[in-house]
Structure formats: structure tokens, C-alpha cells
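Participant:
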Amino acid sequence: MNHDTYDNAYIAGILNSVKTIAMIGASPNDVRPSYFVLKYLLAKGFSVFPINPGHAGKEILGRTVYASLADLPQPVDMIDIFRASSAVPGIIDQVLKLDPLPKVVWMQL
Numbered sequence: 023m024n025h026d027t028y029d030n031a032y033i034a035g036i037l038n039s040v041k042t043i044a045m046i047g048a049s050p051n052d053v054r055p056s057y058f059v060l061k062y063l064l065a066k067g068f069s070v071f072p073i074n075p076g077h078a079g080k081e082i083l084g085r086t087v088y089a090s091l092a093d094l095p096q097p098v099d100m101i102d103i104f105r106a107s108s109a110v111p112g113i114i115d116q117v118l119k120l121d122p123l124p125k126v127v128w129m130q131l
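Take the sequence shown: its letters are residues 23 to 131, numbered as in the numbering used here.
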């Protein structure tokens, strides 16, 4: 599989298989890409849990912000990462501690 490009059917299959998403790096700043994606996913009916330790306990688009994956109130199907690539190894370490594991880890380009 070519991981540089995915066809629309493959992406649709992923998105159709998930209902709950943890968004790591969600921002309350309405000009940040994570804000737009959070807004879009909520509009499409996904249950999204924003994660940002700097905003934990506050709300973004009416959703409570959590400090970490360990703080989530329920398991999630997908982890959506909006962080620098240098932060990803530590995030994956946190993901691997979840039980059950999410179906998908999605990273932004």
C-alpha cells in the first residue's frame, strides 16, 4: 500500500468504521487547522474528545477538553494527532496503554 496517497474509498472506509475520536492538539483558536477539523467532525456526527493539557477542563465548541488520553471518560475508535512529528513517539506510547486499543491512529501531513 502506498502511504503517500490514499483513494477516497479507503478513507471513507476508515471514517465509516469509527464513531468516537480523540483529537490530540485540539485548539480553541479558530484559525488553527485542528479547530476546523474538530468543527467538521462534530458537524458530521462524530463524538470528538479534544485533548490539550493547556486547555484541560475548558471547552472547545461545546466539548470538554481533556489533559491526556488517560483522562478520557470512555474508549475511542480513533486518535487524530495534531502535533509536531517529534511528539508522535510519546503519543503512541500513551495510545498503546489504552484498553481497548483504538482502531485507527490518524496523523496530519
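By construction, the Cβ of each residue, glycine as well, lies at the ideal position given by its N, Cα and C atoms.
Run through the DSSP bridge pairs and tell me what T86 is partnered with.
Facilitator: Its beta-bridge partners are E81.
Participant: For my contact list, V117 and I43 are in at a C-beta cut-off of 8 Å; report their separation, rounded to the angstrom.
Facilitator: Not a contact, Cβ separation roughly 13 Å.
Participant: Whose C-beta lies closer than 8 Å to the C-beta of V126 among residues of the same chain, with five residues either side of it excluded?
Facilitator: Counting only Cβ-Cβ distances below 8 Å, and skipping sequence neighbours, we find I36, S39, V40, D99, M100, I101.
Participant: On a Cα-Cα basis, can you pick out the residue from Q130, G79, L123 that is closest to F104?
Facilitator: The candidate whose alpha carbon is nearest that of F104 is Q130.
Participant: Is DSSP giving P72 helix, strand or coil here?
Facilitator: Strand, per DSSP.
Participant: I think L94 touches F71, with their Cβ atoms under 8 Å apart; what is that distance to the nearest whole Å?
Facilitator: The Cβ separation is near 6 Å, so the contact holds.
Participant: Can you give me the C-alpha to C-alpha distance between L123 and A106, rounded to a whole angstrom?
Facilitator: L123 and A106: Cα-Cα distance of roughly 22 Å.
Participant: What are the partner residues of V126, as DSSP defines its beta bridges?
Facilitator: Partner(s): M100.
Participant: Based on the DSSP secondary-structure assignment, which residues constitute the bridge partners of T42?
Facilitator: Paired residues: S69.
Participant: According to DSSP, simplified to helix, strand and coil, what is N24?
Facilitator: In this structure, N24 counts as coil in the three-state DSSP scheme.
Participant: Could you tell me the alpha carbon to alpha carbon distance between A48 and I73, rounded to whole angstroms?
Facilitator: Taking the straight line from one Cα to the other gives about 6 Å.
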